[in-house]
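S.K.: Whatever position you read off the sequence shown (first residue = 1), add 99 for my numbering. Backbone N, C-alpha and C define an ideal beta-carbon position, used for all residues, glycine too. Keep in mind that this is a model prediction, so the values were computed, not measured. The structure's right below; bear with me while I get my questions together.
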Amino acid sequence: MTVTEPAPIAPTAPAAAAGWRLENTYASLPPVLHSAVAPTPVREPRLLLLNRPLAASLGLSPEALSGPDAAEVFAGNRLAPGSTPLAQAYAGHQYGHFTPLGDGRAHLLGEQITPRGERFDLQLKGSGPTPYSRRGDGRAALGPMLREYLIGEAMHALGIPSTRALAVTSTGEEVWRQEGALPGAVLTRVAASHLRVGTFEWAAAVASQTDDSALRALLDYTLRRHYPELERAENRALALLEAVIERQAALIVRWMSVGFVHGVMNTDNMALSGETIDYGPCAFIDSYDPATVFSSIDEHGRYAYGNQPRVAQWNLARFAETLMPLLHPEETRAVELATAAVQGFADRFLHHSLASMRRKLGLLDAADDDKALIEGLLTWMQRSKADFNNTFAALSAADTSALAALSDEEFCAWHALWQERLRRQGRLEESLAVRRAANPVLIPRNHLVEAALAAAVAGDLAPFQRLLDQLSRPYDHEHPPAAEYRSPAPKSLEVYRTFCGT
Ligand code: AMP
Ligand code: MG
């Protein structure tokens, strides 16, 4: 399939009614970083989901976006006013191997300027082939797009930085995957940006001894977009590297604090904004085991729950490498600066991790034995295969004495130590509030996600809507959802595998 000029697509009616305020600053970056290409229209677009609160926060009118016109826009059949559709070029280390990639089935429509003056990428995913499609069809199946919608919203409600879905549109077309013919869909994704570690890897790969202008332009652009406070830093490349490392350390800690396994932490799936991006084979752990892997293709556990900090650091080392010529004119000095920054990830991660665990246990200040206390609980959880999130939720009850009575000796001993620490600390109400804000009563349980997606793909969106609604209040300890939403997977469903469904 060849893709050349953007197909002529009629623009939609008045921008004002819907609230479109689109710019595309990415289009002004050096041409090697993107390709102008329009979405390929689909046969029969139908709007299945519109994220009304998100639309409103973007300054878009949920009412104006509910009509048939909106389905046309969200399917890529018509362009929203101000759209300059393009596919972004990027590369990536996938399972450790460098590959040139790029948006093979996505179109950046532009950046929506919100009423508060913020700038968010609006991207269609599954909207047709681009010059980067390789052998792919440019399309997406409905199930995985609904999954991205659901998990993105769950993450957002959990307070974890994430890209979000604005809409899901069915296409009326089939896509062919391993499983056979599946209903097709287009997802509209909202992101702080789609700049990835892989974007810099692409820019570094195309740079030559005499021309690294794309790399430099990307540095300027990334700083302006996400780290404007660093634009005047003395060493801007180093400032960016350190800032990205900090955000990633904080992000991975947030993931792990709710048992999230991303599942495919390739460098093209690591956003420089610090948002979680690309919900493929991701899943949440039930019982606590750092070796947990869900993805069927992750044979060696590269992206296992407990390996996520190590992989993040590995990815950040690849990012640092791309910045080498901008870090320092002398190579040895550049290597020293990059190495020190990347090594700094470990301390940042530990710092955030300890702070996060203290909050989860309601510890309001630091004490010498906190590490031992935290490790004691994790060791018990792993040995007894306790449910990670439900254990912390149970520790967020006003009175946890019954819990100790119900459990084994090892837990009782730990519980006594913890209670002693809380007594020494005092401020019991504050401690409880901190725990409740850190420990969700609800995460998207894998078996419920699967059931909701299966029903939705078969035409019944009701279970999906119900789950979505429940997941919007994950910290409501006063009104927890019914047990069916909170229980880990029944034994029969325990071995959960995710597939890189696309
Ligand atoms: P992902 O695994 O979703 O992060 O995608 C990795 C790369 O494969 C990206 O460059 C995607 O654009 C590309 N890709 C995934 N699915 C398709 C498809 N159906 N058609 C074309 N490109 C695709
Ligand atoms: Mg990706």
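For Gly191, which beta-bridge partners are listed by DSSP?
M.R.: Thr198
S.K.: For the ligand AMP, is there a heavy atom less than 8 angstroms away from the beta-carbon of Val360?
M.R.: Outside the cutoff, so no.
S.K.: Alpha helix (DSSP H) containing Arg535: first to last residue?
M.R.: For Arg535, the uninterrupted alpha helix (DSSP H) segment begins and ends at 527-537.
S.K.: Verify whether the separation of the beta carbon atoms of Gly203 and Ser232 is less than 9 angstroms.
M.R.: Yes; because the gap between Cβ atoms is below 9 angstroms, this pair is in contact.
S.K.: Any chance the CB of Asn365 is under 8 angstroms from a heavy atom of the ligand MG?
M.R.: yes
S.K.: Do you know whose CA, among Ser312, Leu128, Arg263, lies nearest Leu153's CA?
M.R.: Arg263
S.K.: Could you pull out every residue in the same chain whose Cβ sits closer than 7 angstroms to the Cβ of Phe448, ignoring the five residues on either side in sequence?
M.R.: Ala348, Ile351, Val352, Pro408
S.K.: Are there 16 or more other CB atoms within 10 angstroms of the CB of Ser312, so buried, or fewer, so exposed?
M.R.: Classification for Ser312: exposed.
S.K.: Can you tell me whether DSSP reads Val289 as helix, strand or coil?
M.R.: strand
S.K.: Should Lys224 go down as buried or exposed, given a rule of 16 or more other Cβ atoms within 10 Å for buried?
M.R.: Lys224 should be labelled buried.
S.K.: Evaluate Lys484 with the Cβ neighbour count: other Cβ atoms within 10 Å of its Cβ, from every protein chain shown; 16 or more gives buried, anything less gives exposed.
M.R.: exposed
S.K.: Please report the straight-line C-alpha distance between Asn123 and Leu208, rounded to a whole angstrom.
M.R.: 8 angstroms
S.K.: Can you give the Cα-Cα distance for Tyr595 and Leu436, rounded to whole angstroms?
M.R.: 42 angstroms
S.K.: At the level of alpha carbons, what is the spacing between Val131 and Asp468?
M.R.: Note on geometry: alpha-carbon atoms of Val131 and Asp468 lie some 54 angstroms from one another.
S.K.: Based on the DSSP output, what are the partners of Ile212 in its beta bridges?
M.R.: Arg218
S.K.: Which one or two residues does DSSP pair with Glu330 in a beta bridge?
M.R.: Glu330 pairs with nothing; no bridge assigned.
S.K.: Would you mind stating whether Arg520 and Leu462 have Cβ atoms separated by less than 9 angstroms?
M.R.: yes
S.K.: Decide if the region 267-279 is in contact with the region 372-379; the criterion is three or more beta carbon pairs, one per stretch, under 8 angstroms apart.
M.R.: no
S.K.: Let me check you understand the geometry: is the CB of Asp559 closer than 8 angstroms to at least one non-hydrogen atom of the ligand AMP?
M.R.: In terms of side-chain proximity, the C-beta atom of Asp559 is found no nearer than 8 angstroms to any non-hydrogen atom of the ligand AMP.
S.K.: How many angstroms separate the CA atom of Ser602 from the CA atom of Ser160?
M.R.: Because the chain here runs from 100 to 601, residue 602 falls outside it and cannot be looked at.
S.K.: For Ala582, which of helix, strand or coil comes out of DSSP?
M.R.: Residue state, collapsed to three classes: helix.
S.K.: Does the beta carbon of Asp377 fall short of 8 angstroms from some heavy atom of the ligand MG?
M.R.: yes
S.K.: Sort out for me which residues DSSP pairs Asp486 with in a bridge.
M.R.: Ser386
S.K.: In terms of residue numbering, what span does the beta strand (DSSP E) encompassing Ser269 cover?
M.R.: 263-276
S.K.: Does the separation of the CB atoms of His192 and Asn414 fall below 9 angstroms?
M.R.: Taking 9 angstroms as the cut-off, the Cβ atoms of His192 and Asn414 count as close.
S.K.: If you draw a straight line from the C-alpha of Pro228 to the C-alpha of His206, how long is it?
M.R.: 9 angstroms
S.K.: Do the region 240-255 and the region 567-578 meet, that is, are 3 or more Cβ pairs less than 8 angstroms apart?
M.R.: yes
S.K.: In angstroms with no decimal places, state the Cα-to-Cα distance between Ala304 and Asp385.
M.R.: 41 angstroms
S.K.: Please give the ranges of any alpha helix (DSSP H) in the region 499-524, keeping only runs that are unbroken, at least 4 residues long and fully inside the region.
M.R.: 500-505, 508-524
S.K.: I need the boundaries of the beta strand (DSSP E) containing Ala419, first residue and last residue.
M.R.: From DSSP, Ala419 is part of no beta strand (DSSP E) but of the alpha helix (DSSP H) over 407-426.
S.K.: Once you ignore the five residues that flank Ala493 on each side, which residues in its own chain have a CB closer than 8 angstroms to its CB?
M.R.: Thr499, Leu502
S.K.: Considering only heavy atoms of the ligand MG, does any lie closer than 8 angstroms to the CB of Asn368?
M.R.: yes
S.K.: Measure how close the beta-carbons of Phe383 and Val289 come, nearest whole angstrom, since I'm counting them as under 8 angstroms.
M.R.: Rounded, the Cβ-Cβ distance is 23 angstroms, inconsistent with contact.
S.K.: Quick one: what does DSSP say Val360 is sitting in, helix, strand or coil?
M.R.: Look at Val360 here: in three-state DSSP terms it is strand.
S.K.: Looking only at C-alpha atoms, which of His514, Leu476, Asn334 sits nearest to Pro428?
M.R.: That would be Asn334, whose Cα lies nearest to the Cα of Pro428.
S.K.: Quick check on DSSP: helix, strand or coil for Glu122?
M.R.: strand
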